[in-house]
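Okay, structure first, notes after.
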Amino acid sequence: MSETGTQTVRFVRDTMLPEAAPPASQSGAVKWLRENLFSGWLNTILTILGALVLFQILRGLVPWFAHSVWNAQTLGECRQIIAETWGEGARGACLAVVRDRWTQWTFGFYPAHLYWRPVLALVLLFAALAPILFSAVPRRLMAFSALFPFVGYWLLWGGTIWTPVVALAGFVVGYAVWRGMAKRNALAAVLLAVAAALVWWLFLAGPVERALAGVAPLALESVRSSSFGGFVLALTIGVSAISLSLPLGIMLALGRQSDMFLIKTLSVCFIEFIRGVPLITLLFTASLLLNYFLPPGTNFDIILRVIIMVTLFAAAYIAEVIRGGLAALPRGQYEAADALGLDYFQAQRLIVLPQALKISIPGIVSTFIGLFKDTTLVVFVGLLDPLKGITDAVRASTDWKGIYWEPYIFVGFIFFLFCFGMSRYSMYLERRLKRDHR
Amino acid sequence: MANAVDAPKDSFRLSMLIYDTRYRSLTIQVIVLMLFMAGAAWLVDNTVRNLAVLGKDFNFGFLGQRAGYDIAQRLIPYTNADTHARALLVGLLNTLLIAVLGCFAATVIGVIVGVLRLSSNWLVARLMTVYVEMFRNVPLLLWILLVFTAFTEASPLPATFRVNAQTGEAESSMLFGLFAVTNRYTAIPDVLVERGLGSLALGPLSINLTFLAIVAVIAGSLLARRALLRHATAVQEATGLRPKTWWKSLLILILPIAALLWALGVHLSVPAITGFNFTGGVNVSNSFMALWLALSLYTSAFIAEIVRAGILAVSRGQTEAAFALGLRPRRTMSLVILPQALRVIVPPLISQYLNLTKNSSLAIAVGYLDLRGTLGGITLNQTGRELECVLLMMLIYLAISLVISGAMNVYNARIKLKER
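From first to last, the protein sequence lines are chains H and R. Just so you know, we're using our numbering here: the first sequence kicks off at 1424 and counts up by one. Just so you know, we're using our numbering here: the second sequence kicks off at 106 and counts up by one.
Structure representation (structure tokens):
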């Protein structure tokens, strides 16, 4: 004991040293720069190249936007303002064209005093979409979503209110027949309901509509399809095709997975045919060939034809996406459904499709984005899409002859907003539906 | 004896067609078949009646008639005195040309962008994200029109490349001294053959022997290289040491083709400005350049995402396992990562190639005469045979798609994981 006590301890630290700041190269911005931009010779070269590219792009774009002019009536006036403000030879964006002609890009040649109708339709569209897109909105509002196609049609095209009402009545007639018969014989009920609805639409709807229109002439001023254009047209085609192609695509995907040879063959042929040809040829079919395929003398609306073709086109792609989702589902899920004694439709509705659709969300949404971008192709069958149809119309006027970049940048920006929004929504949906804890 | 009640006779009742699973699928299929036939018959009947009303018939005889229009860009000889069928072929070749070049450029750009987007470099990764989002979320038609506008509005006149006599300088200068981008066309160097082998006439077809010789020599070199590698593998299996092959395979690949090109006297002819235009090279129309660039850039954004997903799909453990086995980074890449990543990458990549081929029909927007522009455009308008033209055009596009997707199926079957 005493020996150990003789050892003198030379130094004991009795207080903690205060924390020293890390070396300058290991903290803050310098560390971040070293790790993310200059971690090696390759990264340094890449950073310098990237910075050069960025600088070049910004050097062109920043002054162009900074010198932009929003208040002008013609391109000449706009150029003059830029030259006066920023000196001769300065380049600037004549965004005044957007301010001057934005109604045309939005509504096409829709009559100006009726602009409130597409605007109201758009507002109602958001109201109708809300319960479908977001689970926080009360489910009961779905009833309005189901009603919206008829309201939207009436607002956009106008005409007598009885056209959509009578069309809606077909569904009511079918539903009533099904409810009345379902207790006695389920299959007969479905068949009779379809037959009743068809009879209503084909034979009764016309006279009833005329009679009602005679009694109560409730009508909006009707607008012809040729006046449609711009983003109203793109949204009309896009939204209808998106909402119609999803159910059709699901049916095609199930058909392709079916055990029945004929159903499977027909689905495969349809999907492969549609996927094998460009959308343009299908649009040409809609505009040039439908007259051959329909009974002589029939002539129906070009927008409706285009919607049908775009729907079929998107449905084939969606069918393939969903087929991937169906294939990714473990075999055990199908077997469990069978073991529970569910029949085919119950198994699909309750077990298979909810999971398969969840897996396919990214693919489905990117198909929708593609569809919405493809609505610009309708310009080739004579419709006024916002990108080329309206832009050419604007450029054909003497005021804005010779303007090239601004219209494309404006329209591209709007498309970007829509498509980027859709892709962000799909990410949100994926997160919300995520059930596993990986 | 007769102690048991006879089992009910296995008699057939009509309701069994629906409620008996043995017959139900048959019933459904028969009904669907009848509906399908009825629908098809309805369409055909309508078409026949409509054609009768219009006083038209359904035949492809117009393909043999004189086309009477010119096509600026053509890969095979064609004048306006040739037939519509020949014009169709020129258009088809133009479609295939843009498709092949577009797929190539899109793959190169797409792979670079996809890899760079995964880079640890903050700036470059962000730039590539912006690139991908920008091209994916804006319609292709807009990119085509925008690039075309850039060519026609923002490029100099050909005459500005001329050297000014007083100042001794030209207003615009050529890229690398080889290319000249003007507002009317892009002048690129031409490949000339001094001592060609001529061509072999086989009826209507004429085969270019020079081209054939080059293809044959390249194929021969590739075969020889394969034999060399096989030999190296055999030696390695026998002795455990792999002989060095890189310089031999390099020689085998380069020497024969270089010798052939020298023997043929192949050289570049650089375009030069004479008068108001470039001569001596090839003047590629701006519609082609715009279409090619826009298609490549647009598709490359999709390919970049596919490449990124493919690389991310190979788990980190694979790399670590390969390192643990003592494989060097390069061999880890070529033997472990790439084969697995390619299995994920290739199927969607091929479907992007298909999309690019189909999207090339947007050539109509810039006036490039591809299949859609010749058969589905001018021929259709001149002959007024919409039905035949559109159906034939669809069939051709369908055939191209089916060939490509058939090739993809073969590839998929070959690289499929062999599971037990």
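Idealized CB from N, CA, C, for every residue including glycine. As the structure is a computational prediction, the values presented were derived from the model and not from experiment.
By the criterion of Cβ-Cβ separation under 9 Å, what are the contact partners of T1470/H in chain R? N226, W227, L228 and V229
Where does V320/R fall in DSSP's three states? helix
Helix, strand or coil for I312/R, going by three-state DSSP, please let me know. strand
Of all the residues that make up the stretch 1746-1761 of chain H, which are near chain R by a beta-carbon distance shorter than 9 Å? none
Do you know how far the Cα of V298/R is from the Cα of L314/R? 12 Å
What residues from chain R crowd round N1494/H, counting only those whose CB sits closer than 7 Å? The contacting residues do not exist; N1494/H stays about 24 Å from chain R at best.
First and last residue of the alpha helix (DSSP H) that includes D1797/H? L1776 to D1797
For G1652/H: DSSP bridge partner residues: L1807/H
Ignore the nearest five residues each way along the sequence and tell me which others in V296/R's own chain have a CB closer than 7 Å to its CB. V371 and L373
I think S420/R touches G207/R, with their Cβ atoms under 8 Å apart; what is that distance to the nearest whole Å? The pair is not a contact, with the Cβ atoms about 33 Å apart (cut-off 8 Å).
Integer Cβ distance of Q134/R from L1685/H, believed to fall under 8 Å: 4 Å
So, with DSSP's three-state summary, where would you put S50/R? The structure shown does not extend to residue 50/R, since chain R spans only 106 to 525, so no value can be given for it.
Test: N1722/H CB closer than 9 Å to a CB of chain R: no
Proximity winner among Y236/R, A343/R, I176/R and I319/R, relative to G215/R (alpha-carbon distances): Y236/R
Name the one or two DSSP bridge partners that I378/R has. F383/R
In terms of DSSP beta bridges, what is A337/R paired with? Paired residue(s): none; A337/R is not in a bridge.
What does a CB cutoff of less than 6 Å around A1544/H pick up in its chain, not counting 5 residues either side in sequence? G1575, L1578 and L1579
Among the candidates P1785/H, G1720/H and A1762/H, whose CA atom is the shortest distance from the CA of A157/R? G1720/H
With a threshold of 16 other CB atoms inside 10 Å of the CB of D1808/H, please say whether the residue is buried or exposed. buried
If contact is defined by three or more beta carbon pairs under 8 Å, each pair taking one atom from either stretch, is the stretch 1694-1707 of chain H in contact with the stretch 498-518 of chain R? yes
According to the Cβ coordinates, are V1744/H and L1794/H closer than 9 Å? no
Rounded straight-line distance, which links the Cα of L131/R to that of V149/R: 27 Å
When you compare the CB of M1424/H with every CB in chain R, is at least one pair closer than 9 Å? The predicted position of M1424/H is uncertain, since its pLDDT is 48 and thus under 50; no value can be drawn from it.
Determine the burial state of M1850/H: buried for a count of at least 16 other Cβ atoms within 10 Å of its Cβ, exposed for fewer. exposed
With burial defined as no fewer than 16 other Cβ atoms inside 10 Å of the residue's Cβ, what is the status of V1546/H: buried or exposed? exposed
Compare the C-beta of F316/R against all C-beta atoms of chain H and say whether one is closer than 9 Å. no
Where the beta strand (DSSP E) containing T1704/H begins and where it ends: Looking at the DSSP string, T1704/H is not in any beta strand (DSSP E); the run it does join, the alpha helix (DSSP H), is L1702 to F1707.
C-beta contact flag for L1364/H and V1662/H at 9 Å: Because chain H here runs from 1424 to 1861, residue 1364/H falls outside it and cannot be looked at.
Quick one: grab the DSSP three-state call for I1584/H. coil
Should A107/R be flagged as near chain H, meaning a C-beta pair shorter than 9 Å? In this prediction, A107/R scores a pLDDT of 49, lower than 50, which makes its location untrustworthy; no coordinate-derived value is stated.
Of all the CB atoms in chain R, is at least one closer than 9 Å to the CB of W1528/H? no
Under the three-state DSSP convention, the category M1424/H falls into: Confidence in M1424/H is poor, its pLDDT being 48 and thus under 50, which makes the residue's placement unreliable; the coordinate value appears in the next sentence. Of the three classes helix, strand and coil, the one that applies to M1424/H here is coil, per DSSP.
When you compare only the Cα positions, how much space is there between S120/R and A1739/H? 35 Å
Separation of E258/R from M279/R, as counted between CA atoms: 18 Å
When DSSP labels each residue in this structure, what does Y403/R get in the three-state scheme? helix
C-alpha distance - I442/R paired with R448/R, whole-angstrom precision: 10 Å
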